[in-house]
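> Chains as they are written, first to last, in the numbering used here: chain E, 1272 to 1553; chain H, 18 to 365.
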Ligand SMILES: Nc1ncnc2c1ncn2[C@@H]1O[C@H](COP(=O)(O)OP(=O)(O)OP(=O)(O)O)[C@@H](O)[C@H]1O
Ligand SMILES: [Mg+2]
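1) Does chain H have any CB closer than 8 Å to the CB of residue 1446 (chain E)?
2) Here's the rule: buried if 16 or more other CB atoms are within 10 angstroms of the residue's CB, otherwise exposed. What is residue 171 (chain H)?
3) Would the beta-carbon of residue 211 (chain H) be found less than 7 Å away from any heavy atom of ligand 2?
4) Please name the residue or residues paired with residue 223 (chain H) in a DSSP beta bridge.
5) Find the nearest neighbour of residue 179 (chain H) within the set H:72, H:321, H:48, H:34, judged by alpha-carbon distance.
6) Spell out whether any CB of chain H is found under 8 Å from the CB atom of residue 1458 (chain E).
7) Ligand 2 and residue 59 (chain H): does any heavy atom of the ligand fall closer than 7 Å to the residue's C-beta?
8) Is residue 1461 (chain E) close to chain H? Criterion is C-beta to C-beta, closer than 8 Å.
9) Compare the C-beta of residue 1443 (chain E) against all C-beta atoms of chain H and say whether one is closer than 8 Å.
10) Please list, in chain order, all residues of the same chain as residue 1549 (chain E) whose beta carbon is under 8 Å from its beta carbon, the five residues on each side excluded.
11) Provide the residue(s) that pair with residue 328 (chain H) in DSSP beta bridges, ordered along the chain.
12) Please tell me whether residue 30 (chain H) has its Cβ less than 8 Å away from any Cβ of chain E.
13) Just the C-alpha distance for residue 349 (chain H) and residue 206 (chain H), rounded to the nearest angstrom, thanks.
14) Select from the stretch 311-322 of chain H all residues with a C-beta closer than 7 Å to any C-beta belonging to chain E, and list them in chain order.
15) Would you mind sorting residue 1273 (chain E) into buried or exposed? The rule is 16 or more other CB atoms within 10 Å of its CB.
16) DSSP on residue 141 (chain H), reduced to helix/strand/coil?
17) Nearest-angstrom Cα distance between residue 1407 (chain E) and residue 1296 (chain E)?
18) Give every residue of the same chain whose Cβ lies closer than 6 Å to the Cβ of residue 1469 (chain E), excluding the five residues on either side of it in the sequence, and list them in chain order.
19) Shortest alpha-carbon distance to residue 342 (chain H) belongs to which of H:319, H:326, H:323, H:130?
20) Enumerate in chain order the residues of its own chain whose CB-to-CB distance from residue 1330 (chain E) is below 8 Å, with the five nearest sequence positions on each side excluded.
21) Within the stretch 58-118 of chain H, note down every full beta strand (DSSP E) run reaching 3 residues or more, in order along the chain.
22) Among residues of its own chain, excluding the 5 on either side of residue 1387 (chain E), which ones have a beta-carbon nearer than 7 Å to its beta-carbon?
23) Is residue 259 (chain H) helix, strand or coil by DSSP?
24) Is any beta-carbon of chain E found at less than 8 Å from that of residue 118 (chain H)?
25) Curious, which full-length beta strand (DSSP E) runs of at least 3 residues does the stretch 1449-1481 of chain E contain?
26) Near residue 234 (chain H), what residues of its chain come up, given a Cβ to Cβ distance below 6 Å and the 5 sequence neighbours on each side ignored?
27) Kindly examine ligand 2 and report whether one of its heavy atoms sits closer than 7 Å to the Cβ of residue 160 (chain H).
28) Where DSSP assigns a beta bridge to residue 32 (chain H), which residues make up the other side?
29) Could you have a look at residue 211 (chain H) and say whether DSSP puts it in helix, strand or coil?
30) Considering only residues of the same chain and omitting the five flanking positions on each side of residue 1333 (chain E), which have a CB-CB separation below 7 Å?
31) Would you say the beta carbon of residue 49 (chain H) is closer than 7 Å to some non-hydrogen atom of ligand 1?
32) Taking its Cβ as the centre, do 16 or more other Cβ atoms sit within 10 Å of residue 1457 (chain E), making it buried, or is it exposed?
33) Classify residue 1277 (chain E): buried if its beta carbon has 16 or more other beta carbons within 10 angstroms, exposed otherwise.
34) Since residue 236 (chain H) and residue 220 (chain H) are thought to touch, with beta carbons under 8 Å apart, how far apart are those beta carbons, to the nearest angstrom?
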């Protein structure tokens, strides 16, 4: 009896120990290394690094991509979640599987596909050339690649909560004479607003941090197609470690901010709170 | 507005939820749709509302076929089984919703909306809760908010799906009398779904009794209660005793049958139509043993068993119970004061 207790205790201890080791090894140490190196030549140097012209340009380009991608993917996510949860149709499973494609396909592959698609000899290359717009190795291509990588985030957040809520409220709205857009604006959106907001935070975080696909379609043109993660790579390849870590620290800060947002949303969201109370209450 | 359903059927996959149903509801009538769980009541209500499309048949409102019309244009107020209140809106905003979403030309002004909503809230006696959220209300209060919300658009038809379904027995009784009174005041054509026969018989002008997607009987509460057309209706509207008796050639019914005489006849008897006597007589020929006595309630409920081991149920008055000095395991003799028989009842 006593032996069993000791065994149970040590078992639990080992589990916690393993978890802690992982946490330290893969999260705390890397984070520490980033900031340690970034500040290794002093605060002045750090400030200089993150306010260099190239860095500022990279930040602006990243924000520009975000400003285009976030609204598009938000609208897409809402439409997609609405369609999947409010209607019955064939191929729903298939659509859900497609929604996971960006998670399962390597970003580099995705980037390469875009390059092949829009290059001069590609499937859509002819059309693009006629219209005289540059897509690959330019801003539009980077936007396309980022959209592809981040499109599931909003929808994935919304689908479970919309499924759980069912359609009764929407049906009640319809019986009261509301048009579809009124139902969307006055009933559906207010009820999913925190999940939507959280989905947008995740989408933004990924959008800012995306490397693989964007790297392939960008062509690495200095001063033109360099985003924050690409800038980190360039500085690293030039053996400017302090600079690289300085810029990388910006990405870390963005990541940490999204985490804080997440906690804040969880606190604010009354439905989430309700779910938690019920989960732990009974 | 009158409602007419003609040959309405609805399948879910291969399952027939509503099977060729036709009936009509007069203007200003309060009609109850009564039936056991899964008999298709909600589906019929949703078809009338337009939330569900019938596979065949048509729905006609005031002479106009609306089968292809959008639910918004039918002028129907719908009270959902689980309220379906907008949980992100206050009680006031819930009730105001139907007015606020009207096209600008038809939309009342803000002071008008306020007045109408508050009038409705005082009608359902909830004006003091106007600024609460649905989560902060009790079940009965939510139910009344749902009703006020449906009434706000001044519907010409009101559909209520088990409006008192999830309330306790006392609140239920209170609310259904209140609904009857409300209906007598505003006279809107109403259909309400219930699986509680007492509720249906007490509140409605007419009752439609459903079973497995089909209509068993339509009639006033008195008609369906006193002249049920099928064994199902008889059984569904109250407790029943079934006797396998025999009918003699002179029309007389014998309960302790001699197998060689007459034809077999199934006799249905309500528990309050059974008399109990301590001695055998022409009027009390059926011997039975008392199994259980329950005196709590307006009538004394007595469970018995006949000689073949069939369970029987009798309701007698408390006075009679005291007079007879009935006790458990006592041998008594039962008589039938009145009974029901049905022609051709294949599967009963
Ligand atoms: N959307 C649906 N998909 C599949 N089957 C359904 C659907 N809606 C209803 N049904 C089936 O149709 C039958 C009738 O359902 P309905 O909801 O009309 O019953 P009801 O009489 O309202 O029952 P209750 O008293 O339990 O509410 C049920 O057997 C149900 O399983
Ligand atoms: Mg139902």
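In this text, a Cβ means the ideal position worked out from N, Cα and C, and glycines have one as well.
Reading it off the structure:
1) yes
2) exposed
3) no
4) H:48
5) H:48
6) yes
7) yes
8) yes
9) yes
10) Only weak support exists for where residue 1549 (chain E) lies, its pLDDT of 42 falling under 50; the value from the coordinates is given anyway. Excluding sequence neighbours, residue 1549 (chain E) sits near nothing in its chain.
11) H:322
12) no
13) 51 Å
14) none
15) exposed
16) coil
17) 38 Å
18) 1428, 1536
19) H:319
20) 1499, 1521
21) 73-78, 93-96
22) 1393
23) strand
24) yes
25) none
26) 226, 241, 246, 250
27) no
28) H:29
29) strand
30) 1479, 1498, 1499
31) no
32) buried
33) exposed
34) Between residue 220 (chain H) and residue 236 (chain H) the Cβ distance is about 15 Å, and since that is not below 8 Å, they are no contact.
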